[in-house]
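Novice: Take a look at this one; I'll ask things after.
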Amino acid sequence: MTQTSQGQPYDYRFHPLVEPGWTRLPGWRDVTVAEWESAQWQRAHCVKNVRQLQSVMGDLLDERFYADLERDQSERATMSMLLPPQMLNTMVPGEAPTTETFYADPVRRYMLPVFSDRRTDWPSHPRATRDSLHEHEMWVAEGLTHRYPTKVLAELLPTCPQYCGHCTRMDLVGNSTPQVEKLKFALKPQGRLDAMLDYLRAHPGVRDVVVSGGDVANLPWPRLEAFVSALLEIENIRDIRLATKALMGLPQHWLQDEVRAGMERLAQTANARGVMIAIHTHVNAAQSVTPLVARAAKAMLTTGIRDVRNQGVLMRGVNDSTQQLLDLCFALLDGATITPYYFYMCDMIPFSEHWRISVKRAQSLQHSILGYLPGFATPRIVCDVPYVGKRWVHQVEQYDEVRGISYWKKNYRTGIELAGDDDALARTYEYYDPIDALPAAGQAWWREHGGGDHLAVAEQRAADSRATSERQLLLDTT
Ligand code: SF4
6 MTQTSQGQPY
16 DYRFHPLVEP
26 GWTRLPGWRD
36 VTVAEWESAQ
46 WQRAHCVKNV
56 RQLQSVMGDL
66 LDERFYADLE
76 RDQSERATMS
86 MLLPPQMLNT
96 MVPGEAPTTE
106 TFYADPVRRY
116 MLPVFSDRRT
126 DWPSHPRATR
136 DSLHEHEMWV
146 AEGLTHRYPT
156 KVLAELLPTC
166 PQYCGHCTRM
176 DLVGNSTPQV
186 EKLKFALKPQ
196 GRLDAMLDYL
206 RAHPGVRDVV
216 VSGGDVANLP
226 WPRLEAFVSA
236 LLEIENIRDI
246 RLATKALMGL
256 PQHWLQDEVR
266 AGMERLAQTA
276 NARGVMIAIH
286 THVNAAQSVT
296 PLVARAAKAM
306 LTTGIRDVRN
316 QGVLMRGVND
326 STQQLLDLCF
336 ALLDGATITP
346 YYFYMCDMIP
356 FSEHWRISVK
366 RAQSLQHSIL
376 GYLPGFATPR
386 IVCDVPYVGK
396 RWVHQVEQYD
406 EVRGISYWKK
416 NYRTGIELAG
426 DDDALARTYE
436 YYDPIDALPA
446 AGQAWWREHG
456 GGDHLAVAEQ
466 RAADSRATSE
476 RQLLLDTT
């Protein structure tokens, strides 16, 4: 007899993972298993433009979808299009897509945004900026952000095997779009990496390095292994986290013999020295967790690294319900032995308002997912507050829910406040809810105080923020 859920808000059932059949898509009717499981084939057949999408989807999608996509690419997109077949194949996974089901698909909504997805009332928040977390201002070497006392973020490269529409690092990562001309690193790659290592050797107070980008899967393996090996030589570095969405978007990369053997060498050295290496991936929807993703995660765990963890991004229309979040967490944990770790609120970059949710809604979602997962695998929902860093959504100090302004404090100084900013820990820092989610009085306040034509203001702020980043970049390299 089937056991009932006894009226629980969420009804848990174990679901074995399923790899969606790629031959349901006209352009991949003849693709073999060997081709599909080859990282080279996947990289060579990424979808980078509307024409390539058409050649995969054939006439499954109406012209209006392609026109919508084309318009978004030229008028709104902050990231260029780049979809490995593995990832495209997880959209509408159980059947041949139709225009309607493709439009409604959660993975499509953030990996392949179209113009009609975006809001027309408030497409950008008036306080939106490029580099919304001010990471460049906290660079201590080019690409090395020192924001927290004991932790640094090392951006090794500005590319990924896939580009996400909501990317926080849209200022630097990926190819330029008609809306966003990307910043470029000024130093040569090896010189940049050497400068990062020099800083870490000279700063014994740092124990934790997030090795990121971009996505480390785009770094040639020997170069990544050399960098991590150099980190393992630094006595104070005790935690190393490799950031790669490709574990989900291109699991074939992590299943390659060269990568597995190299990771095994790193894990052996790390274990011998008592250092913890983990992989951090970025999965936002349960349907993205397929048997191939599980194989890649398990292959990495088998090398002897400590853990594979997930840091998702909470987005409207993608995963902003209790059901979607718990389905994703259980698919990760039960199906792929990936530990759910964080969900970040979507950052305040230009044209992201249709994805963002309010702090209040995030608090309610955090409440609703507690108690179903083991404590060690219950993700915290965090707000990355500009000039502060990650704060658990229930840590807010004050909250003006009418204007959607939350006020946060921090308990450490970031790199830019070390020199005599006595007020840094007493001051509050602001984060802003999406305006369309506010009551009428709040929306009216922003119409009055948002600076007139809010789209023009948002674009101006984005341009100002870019100019600041460019000046900083120049200062850092002269
Ligand atoms: S994988 Fe990460 S860095 Fe790359 S585009 Fe997506 S969010 Fe940005």
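Everything in the sequence shown is counted per the working numbering, starting at 6 for the first residue and increasing by one.
Glycine included, each C-beta is placed from N, C-alpha and C at the ideal position.
Would you say Lys303 and Thr342 are within 9 Å of each other, going by their C-beta atoms?
Specialist: Yes, these two residues count as a Cβ contact at 9 Å.
Novice: How long is the line joining the alpha carbons of Val318 and Ser137, rounded to whole angstroms?
Specialist: Cα to Cα, the separation comes out at about 15 Å.
Novice: Any contact of the region 415-434 with the region 170-179, i.e. 3+ C-beta pairs under 8 Å?
Specialist: With the cut-off at 8 Å, the region 415-434 and the region 170-179 do not touch.
Novice: Can you tell me the Cα-Cα spacing of Gln91 and Phe335, whole angstroms?
Specialist: Taking the straight line joining both Cα atoms gives about 21 Å.
Novice: Pick from Asp213, Leu65, Pro194, Ala272: whose alpha carbon is nearest that of Pro31?
Specialist: Of the candidates Asp213, Leu65, Pro194, Ala272, the one whose C-alpha sits nearest the C-alpha of Pro31 is Leu65.
Novice: Less than 7 Å between C-beta atoms, sequence neighbours within five positions excluded: which residues of the same chain meet that for Glu406?
Specialist: Excluding sequence neighbours, Glu406 sits near Lys365.
Novice: May I ask you to check if the CB of Ser217 is nearer than 8 Å to at least one heavy atom of ligand 1?
Specialist: For ligand 1, at least one heavy atom lies less than 8 Å from the Cβ of Ser217.
Novice: Could you tell me if the beta carbon of Cys51 falls within a distance shorter than 8 Å of some heavy atom in ligand 1?
Specialist: The answer is no for Cys51.
Novice: From His130 to Tyr434, what distance separates their C-alpha atoms?
Specialist: Taking the straight line joining both Cα atoms gives about 17 Å.
Novice: Return the residue from the list Ala231, Thr344, Val55 that minimises the CA-CA distance to Phe381.
Specialist: Of the listed residues, the one whose Cα sits closest to Phe381 is Thr344.
Novice: Are the CB atoms of Leu331 and Tyr17 within a distance shorter than 9 Å?
Specialist: Yes.
Novice: Excluding five sequence neighbours on each side, which residues of the same chain lie with their C-beta closer than 7 Å to the C-beta of Thr286?
Specialist: Same-chain partners within the cutoff: Thr249, Lys250, Leu252, Met253, Val313, Asn315, Ile343.
Novice: What is the C-beta distance between Leu161 and Phe232, in whole angstroms, given that I count them as a contact (C-beta under 8 Å)?
Specialist: With 8 Å as the limit, Leu161 and Phe232 qualify as a contact, their Cβ atoms being about 7 Å apart.
Novice: Could you check whether the Cβ of Gly484 sits closer than 8 Å to any heavy atom belonging to ligand 1?
Specialist: An answer regarding residue 484 cannot be provided, because it is not within the stretch 6 to 483 covered by the chain.
Novice: Using 8 Å for Cβ pairs, my map puts Gly340 next to Pro111. What's the rounded Cβ distance?
Specialist: Not a contact, Cβ separation roughly 17 Å.
Novice: Is Gln167 near ligand 1 - that is, is its Cβ less than 8 Å away from at least one heavy atom of it?
Specialist: Because some heavy atom of ligand 1 lies under 8 Å away, the Cβ of Gln167 counts as near it: yes.
Novice: When the cut-off is 9 Å and only beta carbons count, does Arg34 lie next to chain C?
Specialist: In the structure shown, chain C does not exist; there is a single protein chain.
Novice: On the DSSP bridge assignment, give the partners of Trp144 in chain order.
Specialist: DSSP output for Trp144 lists Thr150 as bridge partner(s).
Novice: Which term fits Glu358, buried or exposed, when burial requires 16 or more other beta carbons within 10 angstroms of its beta carbon?
Specialist: Buried: at least 16 other Cβ atoms inside 10 Å.
Novice: Sorted by chain position, which residues of the same chain lie with C-beta nearer than 6 Å to Pro209's C-beta, five sequence neighbours on each side aside?
Specialist: The answer, listed in chain order, is Asn241.
Novice: Return the CA-CA distance between Ile440 and Gly148, expressed in angstroms with no decimal places.
Specialist: So the alpha carbons of these two residues sit roughly 32 Å apart.
Novice: Given that a residue counts as buried once 16 or more other Cβ atoms are within 10 Å of its Cβ, and exposed if not, what is Phe356?
Specialist: By the 10 Å Cβ count, Phe356 comes out buried.
Novice: My understanding is that Pro102 touches Pro166, with C-beta atoms under 8 Å, so please give their C-beta distance in whole angstroms.
Specialist: Not really, about 22 Å apart at Cβ, beyond 8 Å.
Novice: Could you check what DSSP says for Asp438 in three-state terms: helix, strand or coil?
Specialist: DSSP places Asp438 in coil when its eight states are reduced to three.
Novice: Could you name the residues of the same chain whose beta carbon sits closer than 6 Å to that of Pro163, not counting the 5 residues immediately before and after it, in chain order?
Specialist: Answer for Pro163: Leu177, Val178, Gly219, listed in chain order.
Novice: Verify the contact flag: Met84, CB atom, against every heavy atom of ligand 1, threshold strictly below 8 Å.
Specialist: The answer is yes for Met84.
Novice: Ends of the beta strand (DSSP E) at Asp332?
Specialist: Not the beta strand (DSSP E): Asp332 falls in the alpha helix (DSSP H), residues 327-335.
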